[in-house]
DNA sequence: TATTGTTATACTCTATAACTATA
DNA sequence: TATAGTTATAGAGTATAACAATA
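Residue numbers (our numbering), protein chains in the order written: chain H, 6 to 150; chain D, 6 to 150.
Structure follows, in structure tokens:
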């Protein structure tokens with residue numbers, strides 16, 4: 006039906022290609038994470054908490070480019086699901102340290118294993134070497150050097 | 006401030022890397038397109054119309070993954086800015102063919118040149134070969150084969 | 001005076017239901 | 001009966017202003 010539409014110009018642009026690939030990867034990721042009731046942003050937040058016990062809201066926001074008011078609701082929901090707990094920060098009375106609970110850790114062990122399966126199944130057309138190359142080139146764009 | 010946050014796990018995931026790169030590229034793109042008053046989606050739509058004179062709304066929606074109700078406003082705005090014009094479809098009385106006006110074409114010539122500058126300046130850390138490799142690998146993910 | 005976390009709220013983007021005109 | 005284009009509207013995501021508590 007749209008086979009006669011010429012998309013060759015857009016396909017030369019980095020932004021178009023990256024966004025299209027991003028949408029494909031994320032939609033597959035969402036399907037697989039649905040069983041855990043985790044959206045991509047939930048996964049990122051919980052994974053960072055798991056790998057950085059005691060991390061603060063402010064740090065999460067800064068790393069993930071989330072605005073503080075928008076994180077509040079996420080954390081509230083995680084607490085209600087008993088996936089995280091908050092403990093007073095040892096030195097800063099304003100801040101609160103975030104930790105995964107036992108069940109939060111268990112969930113994230115499964116979710117992270119699933120994320121790797123999702124990656125592999127989304128990039129079936131890529132060899133292991135190509136996946137590593139792709140990762141390296143993407144990081145050259147968004148990581149400072 | 007966040008130098009002590011460990012993001013190594015997330016940086017192994019394809020979705021995370023692609024999304025982060027996508028956000029970087031798109032934010033640079035937006036800065037450069039601001040002078041033309043074009044958002045990324047405006048650029049994509051107008052570029053497709055330019056390269057496919059007579060394309061219909063339905064085809065645009067299908068190619069760009071836009072839902073028909075959301076395209077209506079864009080086209081209305083383009084028409085008001087006299088960037089596009091609509092002509093009756095030659096064979097299908099329901100459909101409307103879309104075309105760039107003279108000033109629409111002129112704007113897009115500048116905008117497309119700017120898009121290429123944006124690409125090059127965003128990927129300064131990549132060689133020409135690396136850019137081609139990156140494009141090829143991204144297309145292996147989102148294009149059917 | 002600046003920062004952490006929060007509330008309330010506005011704005012933008014995306015999605016759904018239903019309609020009309022034509023095929 | 002199905003499709004192109006449209007309207008109205010709902011929902012999700014993102015952004016801004018302002019506040020209390022602590023530094």
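Glycine included, C-beta positions come from ideal geometry on N, C-alpha and C.
Small disclaimer: the values here were computed from a predicted structure and weren't measured.
Quick one: is residue i near chain D, going by C-beta distance under 8 Å?
i, result
"residue 20 of chain H", "yes"
"residue 12 of chain H", "yes"
"residue 143 of chain H", "yes"
"residue 75 of chain H", "no"
"residue 62 of chain H", "no"
"residue 15 of chain H", "yes"
Are the C-beta of residue i and some C-beta of chain H separated by less than 8 Å?
i, result
"residue 56 of chain D", "yes"
"residue 88 of chain D", "no"
"residue 45 of chain D", "yes"
"residue 34 of chain D", "yes"
How many angstroms separate the CA atom of residue i from the CA atom of residue j?
i, j, result
"residue 36 of chain H", "residue 111 of chain D", "43 Å"
"residue 42 of chain H", "residue 53 of chain D", "37 Å"
"residue 116 of chain H", "residue 40 of chain H", "9 Å"
"residue 69 of chain D", "residue 71 of chain H", "26 Å"
"residue 28 of chain H", "residue 119 of chain D", "24 Å"
"residue 101 of chain H", "residue 129 of chain H", "42 Å"
"residue 84 of chain D", "residue 32 of chain D", "26 Å"
"residue 134 of chain H", "residue 25 of chain D", "21 Å"
"residue 77 of chain H", "residue 97 of chain H", "19 Å"
"residue 81 of chain H", "residue 64 of chain D", "42 Å"
"residue 49 of chain D", "residue 62 of chain D", "13 Å"
"residue 131 of chain H", "residue 93 of chain D", "44 Å"
"residue 127 of chain H", "residue 47 of chain H", "20 Å"
"residue 56 of chain H", "residue 140 of chain H", "20 Å"
"residue 122 of chain D", "residue 136 of chain D", "14 Å"
"residue 79 of chain D", "residue 89 of chain D", "11 Å"
"residue 12 of chain D", "residue 58 of chain H", "13 Å"
"residue 75 of chain H", "residue 95 of chain D", "49 Å"
"residue 125 of chain H", "residue 38 of chain H", "15 Å"
Please list, in chain order, the chain H residues whose beta carbon lies closer than 7 Å to that of residue i.
i, result
"residue 30 of chain D", "19, 20, 23 and 146"
Between residue i and residue j, how many whole angstroms is the CB-CB distance? I'm expecting something under 8 Å.
i, j, result
"residue 60 of chain H", "residue 146 of chain D", "That belief does not hold up - the Cβ atoms of residue 60 of chain H and residue 146 of chain D are roughly 31 Å apart, past 8 Å."
"residue 3 of chain H", "residue 105 of chain H", "Any property of residue 3 of chain H remains undetermined from this structure, which presents chain H solely from 6 to 150."
"residue 45 of chain D", "residue 20 of chain H", "7 Å"
"residue 23 of chain H", "residue 148 of chain D", "Between residue 148 of chain D and residue 23 of chain H the Cβ distance is about 13 Å, and since that is not below 8 Å, they are no contact."
"residue 113 of chain H", "residue 51 of chain H", "5 Å"
"residue 17 of chain H", "residue 138 of chain D", "Not quite, the Cβ-Cβ distance comes to about 14 Å (not below 8 Å), so this is no contact."
"residue 87 of chain D", "residue 67 of chain D", "Residue 87 of chain D to residue 67 of chain D, Cβ: 26 Å. No contact."
Cβ closer than 7 Å: which chain D residues qualify as neighbours of residue i?
i, result
"residue 120 of chain H", "18"
"residue 26 of chain H", "23, 143, 146 and 147"
At 9 Å on the CB atoms, spell out the chain H contacts of residue i, in chain order.
i, result
"residue 51 of chain D", "Neighbours of residue 51 of chain D on chain H: none; closest Cβ ~11 Å, over 9 Å."
### Task
Please list the residues of the stretch 122-141 of chain H that have a C-beta atom closer than 8 Å to any C-beta atom in chain D, keeping them in chain order.
123, 124, 127, 128, 130, 131, 135, 136, 138, 139 and 140
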